[in-house]
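One structure is given below, encoded as structure tokens.
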Amino acid sequence: WGKSRCSSKNFTNFRPVRDDFRRYLELKWGHCGELSEKQQYIRLVDSVALKGGRGSASLVQKCKLCAREHSVEILSSTIKSYNVEDNEKFRTIVAFECQGLEPVDFQPQAGFAAEGVESRTIFSDINLQEKDWTDYDGKAQESGGIYAEPSACTLA
Numbered sequence: 449w450g451k452s453r454c455s456s457k458n459f460t461n462f463r464p465v466r467d468d469f470r471r472y473l474e475l476k477w478g479h480c481g482e483l484s485e486k487q488q489y490i491r492l493v494d495s496v497a498l499k500g501g502r503g504s505a506s507l508v509q510k511c512k513l514c515a516r517e518h519s520v521e522i523l524s525s526t527i528k529s530y531n532v533e534d535n536e537k538f539r540t541i542v543a544f545e546c547q548g549l550e551p552v553d554f555q556p557q558a559g560f561a562a563e564g565v566e567s568r569t570i571f572s573d574i575n576l577q578e579k580d581w582t583d584y585d586g587k588a589q590e591s592g593g594i595y596a597e598p599s600a601c602t603l604a
């Protein structure tokens, strides 16, 4: 499960913009305990065939150390937005089906959207790589932002 906690001021319905949104994860191999050399991205729109015709997954990788092939699938029905009533609470925003790989870290990047609480104005192309995003809602005449806590983007 991917859980997140952030502070939101005057914004709600914080979510990925499109199905090709990239979720950057650090992965750990279940069999040998090896960590991925760099963060890997996983997208809902990707479908990679599993060896032996056992179906497909969003991400399939072979470990350089133990040579085993493992996979991660995004469970589309679990993708949720982060809303004003969730402010500063941990909320599950996505779940993964993992076969031999374990996500151990999540790094928010670009590709999010949110809307003004009062005006319902849509703000797209929100980038949380620096953990914070601020903007001004001209319709509501309010400034606000999304503030992701560095230790609050977790996988449980």
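Counting from 449, one number per residue, gives the positions in the sequence shown under the working numbering.
Beta carbons are placed, not taken as given, at the ideal position from N, Cα and C, and that holds for glycine.
Of the listed residues the options, nearest to residue i (C-alpha basis)
i    : options                   : result
K579 : Q557, D585, G503 and I527 : Q557
T526 : V542, L475, E563 and K486 : V542
G586 : I594, E563 and A596       : E563
F469 : S524, A588, D534 and K537 : S524
A500 : K486, H518 and E485       : For the sequence presented, residue 500 should be read as Gly rather than Ala. The residue with the shortest Cα to Cα distance from G500 is H518.
E485 : S506, R502, L513 and H479 : L513
Sub-8 Å separation of residue i and residue j beta-carbons
i    : j    : result
R605 : G548 : The requested residue 605 is not part of the displayed model; the chain covers only 449 to 604.
Y439 : R463 : Nothing about residue 439 can be read from this structure; the chain reaches only from 449 to 604.
E550 : E521 : no
C454 : E482 : no
V565 : V532 : yes
Contacting residues, own chain, Cβ-Cβ under 7 Å from residue i (five flanking each side not counted)
i    : result
D467 : L492 and V493
A561 : R463, V465, I570, F571, S572 and I574
E536 : R453 and S455
Neighbourhood of residue i by C-beta, 6 Å cutoff - its chain only, sequence neighbours within 5 removed
i    : result
A497 : S504
G592 : K457, N458 and F459
S599 : Its pLDDT being 47, under 50, S599 is placed unreliably by the model, and the measurement read from it follows with that caveat. So no residue of the chain qualifies.
V552 : E474 and K476
Limits of the unbroken beta strand (DSSP E) element including residue i
i    : result
A558 : A558 to G564
C546 : F544 to Q547
Q589 : Unbroken run through Q589: none, as it is neither H nor E.
Y489 : Q488 to I490
Residues sharing a beta bridge with residue i, DSSP
i    : result
N575 : A558
D468 : None, per the DSSP bridge assignment.
C514 : Answer is none; C514 lacks a bridge partner.
V508 : S519
S525 : For S525, which the question treats as bridged, DSSP gives no partner whatsoever.
D553 : E474
T608 : A query on residue 608 cannot be resolved here, the shown segment of the chain reaching from 449 to 604 and no further.
Any C-beta of chain B under 8 Å from that of residue i
i    : result
G478 : As a matter of chain content, chain B is missing from the structure shown, which is built from one protein chain.
Beta-carbon proximity list for residue i, same chain, < 8 Å, skipping 5 on both sides
i    : result
A588 : N458, G564, V565, E566, S567 and T569
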